[in-house]
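Colleague: One structure, pasted below without further comment.
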Amino acid sequence: MSLIIALDGPAAAGKGTLARRLAGHYRLAYLDTGALYRAVGVAVMRQGIDPAQESAAVAAAESLSPSLLNDPEIRTEAGGQAASKVAAIPAVRAALLDWQRRFAAQPPAATDGQAMAGAILDGRDIGTVVCPDAPIKLFITASMEARAQRRFKELQEKGAGAIYARVLQDMQERDARDQERAVAPLTAAPDALVIDTSAMTADEVFDQAITYIDRILAA
1 MSLIIALDGP
11 AAAGKGTLAR
21 RLAGHYRLAY
31 LDTGALYRAV
41 GVAVMRQGID
51 PAQESAAVAA
61 AESLSPSLLN
71 DPEIRTEAGG
81 QAASKVAAIP
91 AVRAALLDWQ
101 RRFAAQPPAA
111 TDGQAMAGAI
121 LDGRDIGTVV
131 CPDAPIKLFI
141 TASMEARAQR
151 RFKELQEKGA
161 GAIYARVLQD
171 MQERDARDQE
181 RAVAPLTAAP
191 DALVIDTSAM
201 TADEVFDQAI
211 TYIDRILAA
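At position 8 of the sequence shown the residue is numbered 8 (full-length UniProt numbering), and the sequence of numbers has no breaks.
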């Protein structure tokens with residue numbers, strides 16, 4: 001049976017960085033589930049419609065093109081805010097749930113054509129909804145200030161004219177939507193290892209995660 005790792009957490013906590021490193025370390029297929037919601041949000045925005053408009057968002061989710069997952073626009077701040085809006089719509093989550101579960105159950109082959117050892121999915125509700133039976137669950141978090149500072153620095157490095165106060169406000173609003181939505185709110189699974197990365201380096205987070213995972217695999 002293939003290994004499934006469920007990795008959840010809020011924006012800018014470091015879960016994407018960790019998920020990609022774990023995927024390489026354990027030879028796992030990797031799915032950034034947030035990219036699905038970002039793609040849906042961007043698809044709606046390109047129609048000139050508010051991503052919070054339910055019928056448009058559901059239609060975009062049901063007809064989502066995999067090619068959009070590689071579109072640079074989904075990685076913008078606007079793409080992230082749009083993702084948070086469409087993710088709050090139950091019918092959008094339902095439309096994308098089977099897609100994510102199929103990926104976990106039947107991970108795609110590696111670029112060399114060889115079978116992968118399993119899959120790691122990162123998002124907001126992987127351990128609680130998408131893969132609640134995953135043997136390994138991680139919840140990566142950090143303080144609001146640490147996450148906002150990371151995102152602010154990231155935007156500056158990209159040449160964006162970011163204002164820290166605005167980045168902080170956007171993150172607060174996004175967290176509120178993620179945590180307060182009626183369906184699959186952002187929360188740690190009861191059996192997840194919670195790692196607070198506020199004062200940790202990426203290497204320290206990675207080391208703590210593989211120590212935990214190896215202990216479970218050896219049991």
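Beta carbons: idealized from backbone N, C-alpha and C, even for Gly.
Would you check if the distance between the CB atom of Ala95 and the CB atom of Pro51 is smaller than 8 Å?
Modeller: Position 95 of the sequence shown, counted from the start, is the residue given in the question as residue 95. Position 51 of the sequence shown, counted from the start, is the residue given in the question as residue 51. Going by C-beta atoms, Ala95 is not nearer than 8 Å to Pro51.
Colleague: Pick out whichever of Ile216, Ala119 and Gly123 has its Cα sitting closest to the Cα of Gly80.
Modeller: For the purposes of this step, residue 80 is taken as residue 80 along the sequence shown, with counting starting at 1. Of Ile216, Ala119 and Gly123, the residue nearest in Cα terms is Gly123.
Colleague: Can you check whether the CB of Ala91 is closer than 8 Å to the CB of Arg177?
Modeller: Residue numbering aside, residue 177 sits at position 177 when the sequence shown is read from its first letter. Residue numbering aside, residue 91 sits at position 91 when the sequence shown is read from its first letter. No, Cβ-Cβ distance for Arg177 and Ala91 is not below 8 Å.
Colleague: For Ala13, which residues from the same chain have a beta carbon less than 7 Å from its beta carbon, with the 5 sequence-adjacent residues on both sides left out?
Modeller: The count along the sequence shown starts at 1 and reaches residue 13 at position 13. Answer for Ala13: Ile140, Thr141, Ala142, Arg147 and Thr197, listed in chain order.
Colleague: Name the residue from Ser2, Ala199, Thr76 and Ala57 whose alpha carbon lies nearest to the alpha carbon of Ala109.
Modeller: Position 109 of the sequence shown holds residue 109. The option with the nearest alpha carbon to Ala109 is Ser2.
Colleague: Are there 16 or more other CB atoms within 10 angstroms of the CB of Gly41, so buried, or fewer, so exposed?
Modeller: If you number the sequence shown from 1, residue 41 lands on position 41. Buried.
Colleague: Between which two residues does the alpha helix (DSSP H) harbouring Lys153 extend?
Modeller: Position 153 of the sequence shown, counted from the first residue, corresponds to residue 153. First-last of the alpha helix (DSSP H) with Lys153: Met144 to Glu157.
Colleague: Grouping DSSP H, G and I as helix and E and B as strand, with all else coil, what is Asp133?
Modeller: In the sequence shown, the residue the question calls residue 133 occupies position 133. Asp133 falls in the coil class under three-state DSSP.
Colleague: DSSP state of Gly113, grouped into three classes?
Modeller: Your numbering for residue 113 matches position 113 in the sequence shown. Gly113: coil per DSSP, three-state reduction.
Colleague: Measure the C-alpha to C-alpha separation of Ala59 and Thr187 and round it to an integer number of angstroms.
Modeller: Looking up residue 59 in the sequence shown gives position 59. Looking up residue 187 in the sequence shown gives position 187. Roughly 27 Å separates the two Cα atoms.
Colleague: I'd like to check one pair, Thr17 with Leu121: are the Cβ atoms closer than 8 Å?
Modeller: Within the sequence shown, residue 121 is the residue found at index 121, counting from 1. Within the sequence shown, residue 17 is the residue found at index 17, counting from 1. No, these two residues do not count as a Cβ contact at 8 Å.
Colleague: If you compare alpha carbons, which of Leu7, Ala11 and Tyr30 is closest to Ala119?
Modeller: Here residue 119 corresponds to residue number 119 of the sequence shown, with the count starting at 1. The residue with the shortest Cα to Cα distance from Ala119 is Tyr30.
Colleague: Can you tell which of Leu64, Leu28 and Gln156 has its C-alpha closest to the C-alpha of Thr111?
Modeller: Walking along the sequence shown from the start, residue 111 turns up at place 111. The shortest Cα separation from Thr111 among Leu64, Leu28 and Gln156 belongs to Leu28.
Colleague: Please return the same chain residues whose Cβ sits closer than 6 Å to the Cβ of Leu49, not counting the five positions on each side in sequence.
Modeller: Position 49 of the sequence shown holds residue 49. At residue 49 the sequence reads Ile, which differs from the Leu that was named. Once the five neighbours on either side are set aside, the close Cβ partners of Ile49 are Ala56.
Colleague: Cβ of Leu193 within 8 Å of Cβ of Tyr164?
Modeller: Your numbering for residue 193 matches position 193 in the sequence shown. Your numbering for residue 164 matches position 164 in the sequence shown. For Leu193 and Tyr164, no; Cβs fall outside 8 Å.
Colleague: Can you give, in chain order, each stretch of the alpha helix (DSSP H) that sits fully within the segment 80-125 and has at least 4 residues?
Modeller: Whole alpha helix (DSSP H) segments, 4+ residues: 90-105.
Colleague: Can you give me the C-alpha to C-alpha distance between Lys158 and Arg20, rounded to a whole angstrom?
Modeller: Your numbering for residue 158 matches position 158 in the sequence shown. Your numbering for residue 20 matches position 20 in the sequence shown. Rounded to whole angstroms, Lys158 to Arg20 spans 21 Å at the Cα level.
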